[in-house]
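*Asks:*
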DNA sequence: GCCGTTTTCGGCCCGACTGTTTTCAGTCG
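Spelled out as structure tokens, the structure:
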């Protein structure tokens, strides 16, 4: 008898999500609901097949978020296709909820709220209102994002999250598939901040066998299309996986085709002719053949890079090693996890010359913003600490809220005592573009304004930023001697590459900062560096590639 | 339900403000 097809990780994860959804509808303990969602996420990210793990009697509690109870639930799902608990819950709920449970990623509380407000009661109506933009308009961007994410099959993830996925797939290809060479390409290699598809170039003498193996990745990966040398899958996480086979003697040309954006390839071919089948084993050889200097993957977007490469004016892109200090970091004084001293020592260990401590200002209560008195104390404390510590200079600073009228959240007498400031918007995101822009321009008129923090306030895949007229803000910064940051938080990366490029064009320097809330987060600098490179920034455009004495001069207004 | 240099119970931020809301959920870091 033919063995029944094993249940995929995606299906197991969906069942766990359904449980979370129905428990949530029953007003169960929210932490319990969260636990099921967390376990679902863990299952989705596995490269091994959960069904096989169960069959092999593996200990599932080894995986984070899976304990004794959920491990038992997963076993039951693998063995019977469902769980008694889920079926019992399904029998109890309202018709709206029952219909909703076909979309396990929907949060019932939020959807019922939408139903009530828009006076609808079906998924079809929900989809319709999503498409018409009514959900975004009447319930906000976060709600819109949530529904969109839950109703569509295709997903995107932050570049930062894709790191783990890429490493797992690469490991799988090398360990389980008959390939002799693997290289990641596409938007991941270009370091695009949101990834919807990961793609690999492989060298193999048996591509069909590779496809067959990949269909078993994560238990089961849906094969969307396949040809002689290329195949497209949908992984459990909803991300697309593209794999292309190429021979070593054409590896370089294939790498270029697979990595560059369509625009890049078009401009490249306009400059030098057909790339494919050039029989070039390295990328450098292709560019050389076309009379171009090497183009870094981060720049292959079809902007001005081909022209720059032809003229030999390609910028030397900034690298992590060029960074000499941190300019945006929090401590336990506000909402950070580590003390000022711990942060300073961690920065020193990273090889930095200085670390600016930028705790939140007084009006940001939720983040433990410092009162004026607290900041005065902190200034004196840092002076003492600097006398005691060697090999690192702690800069006195603050992440100062830009209030709704464009004033700063501390009086000038206090701001004057700081080495510099990072000024940010944390409230009233809903102001119109003109008002929001004026607010920032007014703030920049304060002579103690140094760096604009996360200029648009966007949170990738969660909410769009507030609207600003980037051109006007950049021009005002140039006139007033103000600067920008590229905030390295993986879900901010704000300035965007586009805005950073515009700032560079205006000659306004940019700090690459981490906004670290703990010592470990200093390492996020690599995410900001990726973004800076995508913007074509060399170290000359970067503020904190400079020593503190040099910076201090730049900060004088 | 998970987790543990605060290990087997008790956390799992949190708190002020906003809105077109009609009394509380969502939002900022």
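Residue numbers (this note's numbering): 348 to 904. Yeah, the Cβ is synthetic: ideal placement off N, Cα and C, and Gly gets one too.
(1) Leaving out five residues before and five after residue 736 in sequence, what residues of the same chain have Cβ atoms less than 7 Å from its Cβ?
(2) At the level of alpha carbons, what is the spacing between residue 726 and residue 743?
(3) Do you know offhand how far residue 348's Cα is from residue 566's?
(4) Mapping the DSSP letters down to three states, classify residue 756 as helix, strand or coil.
(5) Out of curiosity, what's the CA-to-CA distance linking residue 509 and residue 382?
(6) Name the residue from 840, 851, 881 whose alpha carbon lies nearest to the alpha carbon of residue 861.
(7) For a test of the three-state rule: what should DSSP assign to residue 889, helix, strand or coil?
(8) Measuring alpha carbon to alpha carbon, tell me which residue in 602, 586, 583, 585 is nearest residue 592.
(9) Anyone know if the C-beta pair for residue 866 and residue 709 falls short of 8 Å?
(10) Start and end of the beta strand (DSSP E) containing residue 795?
(11) Do residue 394 and residue 471 count as a contact pair if the criterion is CB distance below 8 Å?
(12) Return the chain-ordered list of same chain residues with a C-beta closer than 8 Å to the C-beta of residue 526, the five sequence neighbours on each side being excluded.
(13) Tell me whether the region 475 to 493 and the region 431 to 441 touch, counting them as touching only if at least three CB pairs, one residue from each stretch, are closer than 8 Å.
(14) Quick one: what's residue 440 bridged to in DSSP?
(15) Rounded to the nearest angstrom, how far is the Cβ of residue 875 from that of residue 835, given a contact under 8 Å?
(16) Under the rule that 16 or more other beta-carbon atoms within 10 Å means buried, what is residue 624, buried or exposed?
(17) By Cβ distance below 6 Å, which residues in the same chain neighbour residue 787 in space, the five residues on each side in sequence not counted?
(18) Say whether the region 364 to 381 touches the region 454 to 468, bearing in mind that this needs 3 or more beta-carbon pairs closer than 8 Å, one atom from each stretch.
(19) Please identify the residue among 407, 575, 645, 667 whose C-alpha is closest to the C-alpha of residue 506.
(20) Whole angstroms is fine: what's the gap from residue 760's alpha carbon to residue 896's?
(21) In its own chain, which residues sit with a C-beta less than 8 Å from the C-beta of residue 849, not counting the 5 before and 5 after it?
(22) Closest to residue 648 by C-alpha separation, out of 614, 785, 475, 634, would be which residue?
(23) Hey, how far is the Cα of residue 887 from the Cα of residue 858?
(24) Tell me which residue opens and which closes the alpha helix (DSSP H) that residue 902 is part of.
(25) Buried or exposed: residue 900, going by 16 or more other Cβ atoms within 10 Å of its Cβ?
(26) With DSSP collapsed to three states, give me the class of residue 513.
(27) Is DSSP giving residue 348 helix, strand or coil here?
(28) Comparing C-alpha positions only, which one of 654, 739, 354 sits nearest to residue 639?
(29) Under 8 Å, do residue 629 and residue 607 count as touching if we go by C-beta distance?
(30) Keeping to the same chain, check which residues put their C-beta closer than 8 Å to that of residue 364; ignore five residues upstream and five downstream.
(31) With DSSP collapsed to three states, give me the class of residue 519.
(32) Going along the chain, which unbroken runs of the beta strand (DSSP E) with 3 or more residues stay wholly within the region 488 to 569?
(33) Using CA coordinates, which residue listed in 891, 683, 396, 378 is at the minimum distance from residue 561?
(34) Opposite residue 770 in the DSSP bridges: which residues?
(35) Using only the alpha-carbon positions, how far apart do residue 618 and residue 631 sit?
(36) Would you mind reading off the limits of the alpha helix (DSSP H) that contains residue 470?
*Replies:* Taking the geometry as given:
(1) For this step, residue 736 is matched to residue 389 along the first chain. Contacts found: 691.
(2) For the purposes of this step, residue 726 is taken as residue 379 along the first chain, with counting starting at 1. For the purposes of this step, residue 743 is taken as residue 396 along the first chain, with counting starting at 1. Inter-residue distance for residue 726 and residue 743 is about 6 Å (C-alpha atoms, whole angstroms).
(3) Within the first chain, residue 348 is the residue found at index 1, counting from 1. Within the first chain, residue 566 is the residue found at index 219, counting from 1. For residue 348, the pLDDT reaches just 39, beneath the cut-off of 50, and the residue's location in the model is therefore unreliable, although a value from the coordinates is still provided. Computed Cα separation, rounded: 21 Å.
(4) What you label residue 756 is simply residue 409 of the first chain in a count that begins at 1. In the structure shown, residue 756 sits in coil (DSSP, three-state: anything other than H, G, I, E or B).
(5) On the first chain, position 162 is the one that residue 509 refers to. On the first chain, position 35 is the one that residue 382 refers to. One C-alpha to the other measures close to 22 Å.
(6) For the purposes of this step, residue 861 is taken as the residue at position 514 of the first chain. Residue 840 is the option with its Cα nearest to residue 861.
(7) For this step, residue 889 is matched to residue 542 along the first chain. Here residue 889 sits in strand by DSSP.
(8) Numbered from its first residue, the first chain carries residue 592 at position 245. When 602, 586, 583, 585 are compared, the shortest CA-CA separation from residue 592 is found for 602.
(9) Along the first chain, one-based indexing puts residue 866 at 519. Along the first chain, one-based indexing puts residue 709 at 362. With respect to the 8 Å criterion, residue 866 and residue 709 are not classified as neighbours on the basis of their beta carbons.
(10) Sequence index remark: in the first chain, residue 795 carries index 448 (1-based). Run containing residue 795: none; DSSP gives neither H nor E here.
(11) Locating residue 471 in the first chain gives position 124, where the first residue counts as 1. Locating residue 394 in the first chain gives position 47, where the first residue counts as 1. Taking C-beta atoms as the reference points, residue 471 and residue 394 fail to come closer than 8 Å.
(12) Residue 526 sits at position 179 when you count from the first residue of the first chain. Same-chain partners within the cutoff: 520, 549, 550, 551, 557.
(13) Taking 8 Å as the limit for Cβ pairs, the verdict is that the region 431 to 441 does not touch the region 475 to 493.
(14) The residue you call residue 440 lines up with position 93 of the first chain. Residue 440 pairs with nothing; no bridge assigned.
(15) The count along the first chain starts at 1 and reaches residue 875 at position 528. The count along the first chain starts at 1 and reaches residue 835 at position 488. Contact between residue 875 and residue 835 holds, with the beta-carbon distance rounding to 3 Å and staying under 8 Å.
(16) Start at 1 with the first residue of the first chain, and residue 624 comes out as number 277. Exposed, because fewer than 16 other Cβ atoms sit within 10 Å of the Cβ of residue 624.
(17) As a first step, residue 787 is located in the first chain; it is residue number 440 there, counting from the start. The beta carbon of residue 787 is closer than 6 Å to those of 820 in its chain, skipping five residues each way along the sequence.
(18) When Cβ pairs closer than 8 Å are counted between the two stretches, the region 364 to 381 is seen to touch the region 454 to 468, the count reaching three or more.
(19) The residue given as residue 506 occupies position 159 in the first chain. Cα-wise, what sits closest to residue 506 is 645.
(20) Within the first chain, numbered from 1, the residue matching residue 760 stands at position 413. Within the first chain, numbered from 1, the residue matching residue 896 stands at position 549. Approximately 23 Å between the Cα atoms of the pair.
(21) Numbered from 1 along the first chain, position 502 holds the residue referred to as residue 849. The beta carbon of residue 849 is closer than 8 Å to those of 817, 818, 821 in its chain, skipping five residues each way along the sequence.
(22) Here residue 648 refers to the residue found at position 301 of the first chain. Its Cα nearest to that of residue 648, the residue 614 stands out among 614, 785, 475, 634.
(23) Position 540 of the first chain, counting from 1, holds the residue named residue 887. Position 511 of the first chain, counting from 1, holds the residue named residue 858. Cα to Cα, the separation comes out at about 11 Å.
(24) Working through the first chain from its first residue, we reach residue 902 at position 555. Judged by DSSP secondary structure, residue 902 falls within the alpha helix (DSSP H) whose first and last residues are 895 to 902.
(25) In the first chain, residue 900 corresponds to position 553, counting from 1. Exposed.
(26) On the first chain, residue 513 is found 166 positions in, with the first residue counted as 1. Three-state DSSP puts residue 513 in a helix.
(27) Within the first chain, numbered from 1, the residue matching residue 348 stands at position 1. With a pLDDT of only 39 at residue 348, under the threshold of 50, the placement of this residue in the model should not be trusted, and no figure is reported.
(28) Against the first chain, residue 639 aligns to sequence position 292. Looking only at 654, 739, 354, the smallest Cα-Cα distance to residue 639 is reached by 654.
(29) In the first chain, counting from the first residue as 1, residue 629 sits at position 282. In the first chain, counting from the first residue as 1, residue 607 sits at position 260. Contact flag unset, no.
(30) Taking the first chain and counting its residues from 1, one reaches residue 364 at position 17. These residues qualify, in order along the chain: 383, 384, 387, 451, 452.
(31) Here residue 519 refers to the residue found at position 172 of the first chain. Residue 519: helix per DSSP, three-state reduction.
(32) Look at the region 488 to 569 and you find these whole runs of beta strand (DSSP E), each 3 residues long or longer: 526 to 531, 544 to 551.
(33) Here the question's residue 561 lines up with position 214 in the first chain. Comparing Cα-Cα distances from residue 561 to each of 891, 683, 396, 378, the minimum goes to 396.
(34) Along the first chain, one-based indexing puts residue 770 at 423. DSSP, once it has assigned bridges, lists 747, 799 as partnering residue 770.
(35) Taking the first chain and counting its residues from 1, one reaches residue 618 at position 271. Taking the first chain and counting its residues from 1, one reaches residue 631 at position 284. Taking the straight line joining both Cα atoms gives about 15 Å.
(36) Position 123 of the first chain, counting from 1, holds the residue named residue 470. It spans 470 to 479 - the alpha helix (DSSP H) in which residue 470 sits, taken as one unbroken run.
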